[in-house]
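S.K.: Dumping the structure here so I can ask a few things about it.
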Amino acid sequence: MAVSNPTSTAAFLAAVTAALGADAVNNSASERADVGRHTLPAPDHLPAAVLYPASTADVETIVKLANEHRVALFPISTGRNLGLGSRAPMAAGQVVVELGKRMNRIVEINDDLGYAVVEPGVTFNAMYDELTRRGSALMMSPTAGPPDGSLLGNAVDKGGGAGPLGSHFDNVCGMEIVLGNGDIVRTGDGGIDSEAHPNWHVTKYSFGPALDGLFTQSNYGIVTRVGLWMMQRPAHIRMFFFAFPDDEDLGEIVDLIRPLKAAQVVPTMIRATNDLYLISSQQKHPRHDAAGKLAPLTDAERRELQKKHGVGSWMVSGALYGASAAAVEPALERVKAHFLRSGKARYIPVEEAEPRAIFQAAINSNSGRPAGGELQMLKWRPGDGAIWMTPGARMDGAAVNAFQRGCRAAAAEFGLEYMASFVCGQRFARGIHAILYNRDDPEEAARADRCYRKMCDVFRSAGVFVGRAPTIYQDYHQNQRTPEIVRACNAIKQALDPNGVIAPGRYGIH
Ligand code: ADP
Numbered sequence: 010m011a012v013s014n015p016t017s018t019a020a021f022l023a024a025v026t027a028a029l030g031a032d033a034v035n036n037s038a039s040e041r042a043d044v045g046r047h048t049l050p051a052p053d054h055l056p057a058a059v060l061y062p063a064s065t066a067d068v069e070t071i072v073k074l075a076n077e078h079r080v081a082l083f084p085i086s087t088g089r090n091l092g093l094g095s096r097a098p099m100a101a102g103q104v105v106v107e108l109g110k111r112m113n114r115i116v117e118i119n120d121d122l123g124y125a126v127v128e129p130g131v132t133f134n135a136m137y138d139e140l141t142r143r144g145s146a147l148m149m150s151p152t153a154g155p156p157d158g159s160l161l162g163n164a165v166d167k168g169g170g171a172g173p174l175g176s177h178f179d180n181v182c183g184m185e186i187v188l189g190n191g192d193i194v195r196t197g198d199g200g201i202d203s204e205a206h207p208n209w210h211v212t213k214y215s216f217g218p219a220l221d222g223l224f225t226q227s228n229y230g231i232v233t234r235v236g237l238w239m240m241q242r243p244a245h246i247r248m249f250f251f252a253f254p255d256d257e258d259l260g261e262i263v264d265l266i267r268p269l270k271a272a273q274v275v276p277t278m279i280r281a282t283n284d285l286y287l288i289s290s291q292q293k294h295p296r297h298d299a300a301g302k303l304a305p306l307t308d309a310e311r312r313e314l315q316k317k318h319g320v321g322s323w324m325v326s327g328a329l330y331g332a333s334a335a336a337v338e339p340a341l342e343r344v345k346a347h348f349l350r351s352g353k354a355r356y357i358p359v360e361e362a363e364p365r366a367i368f369q370a371a372i373n374s375n376s377g378r379p380a381g382g383e384l385q386m387l388k389w390r391p392g393d394g395a396i397w398m399t400p401g402a403r404m405d406g407a408a409v410n411a412f413q414r415g416c417r418a419a420a421a422e423f424g425l426e427y428m429a430s431f432v433c434g435q436r437f438a439r440g441i442h443a444i445l446y447n448r449d450d451p452e453e454a455a456r457a458d459r460c461y462r463k464m465c466d467v468f469r470s471a472g473v474f475v476g477r478a479p480t481i482y483q484d485y486h487q488n489q490r491t492p493e494i495v496r497a498c499n500a501i502k503q504a505l506d507p508n509g510v511i512a513p514g515r516y517g518i519h
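In our numbering, the protein residues as written are 10 to 519.
What follows is the structure in structure tokens.
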């Protein structure tokens, strides 16, 4: 079912209004236009209406009515999915279910066992404020993206953050979901037929198949609650930064990070971020306000900007955690000696980094503070266009450097800037690429679209796939998978959502 027809949608909205009250439904032109807007190179996708359930029971009612009237829903939590589709549904005419507005309770924070239970509307900011207010011993893993984004939404879309718990879905334990067929299911130990579920959010692997992964990047149900593991806040956090001068240094950086992570010297993910990814969060393109088309930044201009902001072509950042400054000193000395051995790195002590805005995103995210440092990037070029491209890479310097070279060439070919940040563990790095362009200029938007596809080809030709994908490219990516896996995804859809009412087409699942 691609899009519901207007008659069935009108009857559905009347039934939802009768069941949940007029406050739960908004189909005003202004709200539809707002929710339908995104940053991708395609027309806005205006929803038919926006619904605001207040409880899991309300979500159940909405899903059952959608089945009755054969109406397509598009669930979002807070909908701050910038560069990936924002709040807009897969297709115009779908009904957006905005869970975050009224389902925004922190159900539990358990300091002793190190977890929290949240509804979809709990934002990174709200959790940070609540942990601070309680004087909690726990620290969260924020993103450098929107601080008013949803913890749950980010985790179920396999979003990433910083610190040791930077892979957010890894730390999900126990979900409540309203399936497309209207059933309410609780995964893991939440599934026992009992009043009490003491183990729901403390173990993932008890009886039966581990189902949680089915509800990530899919459209099989609406997630109404999750348990999230958090870590103890360390007594002392010591950031480190290194600047590397040349574009080609990325290979060496990756080969230096791998053994440090393997030896577990550094508990956080280590991030290697290029000059323009950081600089675009601080200022607009230097010729932003010039008349006519914005030609890409020249290399001389880029070097000028590096000097102005005191960064290299690549910046490495991470943090050490310990009981005191003295306790982390030996590890810091080891990290410094390791990176400086290359002869190319410049160490930037935290005293030098702390007062400078360009380092704040890394400092905040490794300290458990949501800060939204990357939001300003959308202002780099006029027209606020942004596409996020998120392929991964094995931690192999030569291979990552080849990707870097190919994507840099693609950006140049399409007259845009290369912006990338690799979030590195021992085995794998997630490469977050921002394609920033003028969405108000159709010709530049078409170039951005071609640039996205070309960059994806650079990775795909080496057998490497993207992670999170912008909504308008999800079918394109699903078609790059084998027919067998596509059939399996669609068969699960048929089993759990036989009328296809939840986000038809999301992640290419129909
Ligand atoms: P964030 O504000 O963290 O970016 P979003 O609400 O934008 O979170 O979530 C990212 C994407 O994940 C959404 O676009 C939506 O498709 C999907 N999603 C979010 N919340 C839910 C949910 N509770 N149930 C099912 N899918 C969801």
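Idealized CB from N, CA, C, for every residue including glycine.
(1) Beta strand (DSSP E) containing residue 289: first to last residue?
(2) Residue 468 lies in the alpha helix (DSSP H); which residues open and close that run?
(3) Which first and last residues belong to the beta strand (DSSP E) in which residue 283 is found?
(4) So residue 234 is in the beta strand (DSSP E); what residue range does that whole segment cover?
(5) Closest by CA to residue 499, which one among 136, 154 and 223?
(6) For residue 237, which residues from the same chain have a beta carbon less than 7 Å from its beta carbon, with the 5 sequence-adjacent residues on both sides left out?
(7) Going by C-alpha distance, which of 368, 207, 425 and 208 is nearest residue 308?
(8) May I ask you to report which of helix, strand or coil DSSP gives residue 132?
(9) Tell me the DSSP bridge mates of residue 297?
(10) Could you tell me if residue 55 is buried or exposed, where buried requires 16 or more neighbouring beta carbons within 10 angstroms of its beta carbon?
(11) Does the distance between the C-beta of residue 85 and the nearest non-hydrogen atom of the ligand ADP fall short of 7 Å?
(12) Out of 40, 451, 43 and 208, which has the shortest C-alpha to C-alpha gap to residue 198?
(13) Restricting to runs no shorter than 4 residues, where is the alpha helix (DSSP H) found entirely within the region 311 to 360?
(14) Below 8 Å on the Cβ atoms is my guess for residue 7 versus residue 77; work out the distance and round it to an integer in Å.
(15) Compute every distance between the C-beta of residue 166 and the non-hydrogen atoms of the ligand ADP, then say whether any falls below 7 Å.
(16) Classify residue 241 as helix, strand or coil using the three-state DSSP reduction.
(17) Give me, in chain order, the residues of the same chain whose beta-carbon lies closer than 7 Å to that of residue 505; leave out the 5 immediate sequence neighbours on both sides.
(18) Using the beta-carbon count (16 or more within 10 Å), is residue 341 buried or exposed?
(19) For the region 258 to 275 against the region 289 to 299, do three or more pairs of beta-carbon atoms, one drawn from each stretch, fall closer than 8 Å, so that the two count as touching?
(20) Residue 521 by DSSP, collapsed to three states: which one?
(21) What is the residue span of the alpha helix (DSSP H) that residue 412 lies within?
(22) Distance check for residue 473 and residue 185, CA to CA, integer angstroms please.
M.R.: The relevant details are as follows:
(1) Here residue 289 belongs to no beta strand (DSSP E), and DSSP marks it neither H nor E.
(2) 451 to 469
(3) 279 to 283
(4) Where residue 234 is concerned, the enclosing beta strand (DSSP E) stretches over 230 to 238.
(5) 223
(6) 124, 125, 127, 160, 164, 180 and 181
(7) 425
(8) strand
(9) DSSP lists no partner for residue 297.
(10) buried
(11) yes
(12) 208
(13) For the region 311 to 360, whole alpha helix (DSSP H) runs of length 4 or above, ordered along the chain, are 334 to 349.
(14) The chain is shown from 10 up to 519; residue 7 falls before or after that span and cannot be answered.
(15) In terms of side-chain proximity, the C-beta atom of residue 166 is found nearer than 7 Å to a non-hydrogen atom of the ligand ADP.
(16) strand
(17) 188, 189, 190, 229 and 230
(18) buried
(19) no
(20) In the structure as shown, the chain begins at 10 and stops at 519. Residue 521 is therefore absent and cannot be evaluated.
(21) 406 to 422
(22) 32 Å
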